[in-house]
Ligand code: SAM
């Protein structure tokens, strides 16, 4: 009998540990172990990797990651009620599951992990975007992670992979696609979760590129993109006018049309503009 078979069904774990879902913690649990195994497989070959999992809850995805052969899983969970349930999984996989109780926005888990590191999580929706932006904007590149496999609300997933010309295209797409490959790899209806959330969800898989796709200063690119999309209906020449007195010339120098709107501008052109503004 494999370790995963020796553990009780998740519905029993939830009943035994009285893990009634709390909205304030974004708790929508995945109880179908076939589904969590499928999500774990989207994270790639885990056998030589440490995996950081944020918000393991009762441990459905944790079990999937371990069964898929992760060298080690570091599970960081804020809800103390989940810790005993996770300890049962740790006993079934000796030496491969480390549990940290705390807030993912406050704890730096890196001291507990060895490279190569992958991140996999069914994230609490209230902190998902903030964590993603942090992971995409470290002081140095490449980042600590090789890949991120993350559950988001469908609408947020679409913003991460959006292309120019679409409503979803904005700062998140530029941040994600500048230095990683981002793909939606699974779609999940509300009914896949207990309790079901109001909206559909999707799993996004991001692979870190060794180098940015186009050269640019990270801080300048971030500033330009934030300003451009803050006033996304305005033409670039007015949305960006506080960046440089001769902004129209700079836009032309970067290969842009000053009357374009941010939504139409490719990642490559935003990077060109960031370079021109630094020259
Ligand atoms: N991974 C589990 C699953 O798929 O069934 C649970 C996912 S549930 C959407 C989000 C989990 O994140 C919950 O277990 C919740 O307690 C935890 N959580 C919420 N806020 C957190 C935070 N700031 N730091 C760490 N975990 C958090």
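Residue numbers (my numbering): 9 to 287.
For each residue, glycine too, the CB sits at the ideal point set by N, CA and C.
Residue i versus residue j: straight-line alpha-carbon distance, rounded
{"i": "residue 159", "j": "residue 43", "result": "12 Å"}
{"i": "residue 244", "j": "residue 273", "result": "10 Å"}
{"i": "residue 67", "j": "residue 197", "result": "20 Å"}
{"i": "residue 186", "j": "residue 275", "result": "7 Å"}
{"i": "residue 90", "j": "residue 220", "result": "39 Å"}
{"i": "residue 255", "j": "residue 226", "result": "19 Å"}
{"i": "residue 49", "j": "residue 73", "result": "8 Å"}
{"i": "residue 41", "j": "residue 200", "result": "11 Å"}
{"i": "residue 34", "j": "residue 54", "result": "27 Å"}
{"i": "residue 27", "j": "residue 18", "result": "11 Å"}
{"i": "residue 165", "j": "residue 250", "result": "31 Å"}
{"i": "residue 93", "j": "residue 85", "result": "11 Å"}
{"i": "residue 222", "j": "residue 284", "result": "13 Å"}
{"i": "residue 46", "j": "residue 64", "result": "16 Å"}
Pair within 7 Å by beta-carbon distance, residue i and residue j
{"i": "residue 122", "j": "residue 58", "result": "yes"}
{"i": "residue 144", "j": "residue 183", "result": "yes"}
{"i": "residue 210", "j": "residue 162", "result": "yes"}
{"i": "residue 229", "j": "residue 282", "result": "yes"}
{"i": "residue 126", "j": "residue 51", "result": "yes"}
Contact test: residue i Cβ vs ligand 1 heavy atom, cutoff 6 Å
{"i": "residue 161", "result": "no"}
{"i": "residue 50", "result": "no"}
{"i": "residue 24", "result": "no"}
{"i": "residue 132", "result": "yes"}
{"i": "residue 123", "result": "no"}
{"i": "residue 37", "result": "yes"}
{"i": "residue 64", "result": "yes"}
{"i": "residue 86", "result": "yes"}
{"i": "residue 107", "result": "no"}
{"i": "residue 268", "result": "no"}
{"i": "residue 112", "result": "yes"}
{"i": "residue 264", "result": "no"}
Any non-hydrogen atom of ligand 2 within 6 Å of residue i CB
{"i": "residue 257", "result": "This structure lacks ligand 2; its bound ligands are ligand 1."}
is_contact[residue i, chain C] using C-beta, thresh 7 Å
{"i": "residue 227", "result": "Chain labels in this structure do not include chain C; a single protein chain is all it has."}
Exercise for review: Please determine if the region 234-242 and the region 170-185 are in contact, where contact requires at least 3 C-beta pairs separated by less than 8 Å.
Suggested key: yes
Exercise for review: Mind the definition here: the region 68-88 touches the region 99-114 only if three or more C-beta pairs lie below 8 Å; say whether that holds.
Suggested key: yes
Practice item. List in chain order: all unbroken beta strand (DSSP E) runs of 3+ residues lying wholly within the region 20-74. Key: 58-62
Check your understanding: What alpha helix (DSSP H) runs, 4 residues minimum, are completely inside the region 85-143?
Key -> 91-100
Exercise for review: Give, in chain order, every unbroken run of the beta strand (DSSP E) that is at least 3 residues long and sits entirely within the region 168-243.
Suggested key: Secondary structure remark: continuous beta strand (DSSP E) runs of at least 3 residues inside the region 168-243, in chain order: 188-196, 209-216.
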